[in-house]
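*Asks:* When the sequence shown is numbered by the working numbering, its final residue is 226 and no position is left out of the sequence of numbers. C-beta: ideal position from N, C-alpha, C; glycine also. Since the structure is predicted, the reported quantities are computational estimates derived from the model, not experimental observations.
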Amino acid sequence: MTYIYLLINIAVIFFPLVLSFDKKVHFFSKWKFVLPAILITGLVFLIWDLLFVKLNVWSFNPDYIVGIRFFGLPLEEILFFLTVPYACVFIYECLNAYFPKDSLQKYSFSLSNLFLGLCVAMLFLGYNRWYTVINFGFLLLVLAYVEYVNVQFRLMFKFYRAYLVALIPFYIVNGYLTAIPVVLYNNNENLGFRVGTIPFEDHFYLMALLLMNIYLYEFFKSRAVVKAIV
């Protein structure tokens, strides 16, 4: 039972890793862009995670982790920020390879404005709850930056498409983590609304995690193109 969270991490990355050598996607050739994106984003989210453990926003059930900790965080939680982003960026690249048209790009700006409005509303609604405030505050900043400030990648339609598909494994994996539960939430620090066993905020935690990884991934790819031209 103590290996449950570790096995979930392995299951999350197993198929994306094996399928990284697919001839059409050729994802393994992009590892040099994926890895720095994952490491930088992972560092940010690990600091966030550590803060939330200290603030008792969430904790981890000792019955389902191996007991190895770094800076107070279980090994499995650290691996989570490697396995999940890798799988999500893999989904993003697969969709781009097999469905390259972006005819719905024109609607992504309106969708971003809708999510930005939701972030502001949630900040007012949950202003005294740590998870709600930090989660929606961070998403607000990242989303506004990518959509309004750094617009050259035109990635938002592709991002929303990948996010929508990523919600399928998200409901399976996070549903399992919260149902057992492996992760224990302090409901005084969130809105208390759940989709099944999954806190409402988790959906937008995934959005922020995925958006930061994909933005950095595209950033590192664009730098390599510029260097090749020069």
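Under 8 Å, do Phe86 and Phe23 count as touching if we go by C-beta distance?
*Replies:* The Cβ atoms of Phe86 and Phe23 lie closer than 8 Å to each other.
*Asks:* Give me the Cβ distance between Ala158 and Leu206, rounded to the nearest whole Å; I'm assuming they're in contact under 8 Å.
*Replies:* 7 Å
*Asks:* Check the C-beta distance from Tyr156 over to Leu112 and give it rounded, since I have them as a contact under 8 Å.
*Replies:* So it is not a contact: roughly 13 Å between Cβ atoms.
*Asks:* So, under 8 Å CB-CB, Met208 and Val129 are touching, yes? Tell me the CB distance rounded to an integer number of Å.
*Replies:* About 18 Å separates the two Cβ atoms, so there is no contact after all.
*Asks:* Might you give, ordered along the chain, the residues of its own chain that have their beta carbon closer than 6 Å to the beta carbon of Tyr245, omitting 5 neighbours on each side?
*Replies:* As shown, the chain starts at -3 and ends at 226. That puts residue 245 outside it, with no answer to give.
*Asks:* Looking at the structure shown, is Leu106 part of a helix, part of a strand, or coil, going by DSSP?
*Replies:* Per the sequence presented here, residue 106 reads as Ser, with Leu not at that position. Of the three classes helix, strand and coil, the one that applies to Ser106 here is helix, per DSSP.
*Asks:* What does the alpha-carbon distance come out to for the pair Ile164 and Leu135?
*Replies:* As the crow flies, the alpha-carbon of Ile164 is around 21 Å from that of Leu135.
*Asks:* Would you mind sorting Ala33 into buried or exposed? The rule is 16 or more other CB atoms within 10 Å of its CB.
*Replies:* buried
*Asks:* For the 8 Å Cβ check, are there 3 or more pairs between the stretch 54 to 72 and the stretch 162 to 181?
*Replies:* Verdict: yes, contact present.
*Asks:* Please report the distance separating the alpha-carbon of Leu78 from that of Asn124.
*Replies:* Distance between the alpha carbons of Leu78 and Asn124: 31 Å.
*Asks:* Mind checking Ala83: buried by the 16 CB within 10 Å criterion, or exposed?
*Replies:* It counts as buried.
*Asks:* Determine, using beta-carbon pairs with one atom in the stretch 33 to 49 and one in the stretch 1 to 14, whether at least three such pairs fall under 8 Å.
*Replies:* no
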